[in-house]
Structures are given as structure tokens and as C-alpha cells.
Amino acid sequence: MIPSCPECGAPGVPLLFGLPVPEAIDAAQDGHLALGGCVMRDPAPNWQCPQGHQWRDDDEQAWDQRLLAVLSAHIHR
């Protein structure tokens, strides 16, 4: 399940921190993933909506599954 933004209700995309692989850059350009940069705050958010709101959802399994699905789709392009 993709969580909705607690501020605006828009669906979120996984938020990824650190140096992105090429597939992550492609996914971010397509709006399927958000890149958070190299500096993480504590607690680190793991989702972002199209309006740029960031939040933390404790369902790590949903985040993992969505991130893997997005990256897999961009690997096979």
C-alpha cells in the first residue's frame, strides 16, 4: 500500500537518501521516486508527495516493496 501525504492527501513515492544509482535517478526524473540528498535528519522521512511534503511511515516493508518495484521497473528499461 502506498501511503498518502498527511498534509495534502496526495499519494507518496519512496524517499531515498545517499548517492543514487542510475536507475534511481531515472525513477526520480519520472516522479516514481524522490531523492533526499546525502544528509538525513532524525527521524528520517521515507516518503514524499508531489508537492514536496516529506513524512515518516513506520511500515518499512511497504517502503521496501515499493522501492524495489520502482527500481526494478527502471532496470529493465
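To convert, note that position 60 of the sequence shown is 60 in our numbering; the numbers rise steadily by one, no gaps.
Glycine residues also receive a C-beta, built at the ideal position from the N, C-alpha and C atoms.
A quick note: this is a predicted structure, and the numbers were derived from the prediction, not measured.
Between Pro14 and Leu33, the gap from beta carbon to beta carbon is short of 8 Å.
Among the bridge pairs identified by DSSP, Trp47 is matched with Pro14 and Trp55. For Leu19, the secondary structure class from DSSP, reduced to helix, strand or coil, is coil. Annotation: Leu33 is outside any alpha helix (DSSP H) and is labelled neither H nor E by DSSP. A distance of 8 Å or more separates the beta carbons of Gln54 and Ala10. Relative to the Cα of Leu19, the nearest Cα in the group Cys38, Arg56 and Gly12 belongs to Cys38. If the five residues before and after Trp63 are omitted, its C-beta is found closer than 6 Å to the C-beta atoms of Pro14 and Asn46, all from its own chain and listed in chain order.
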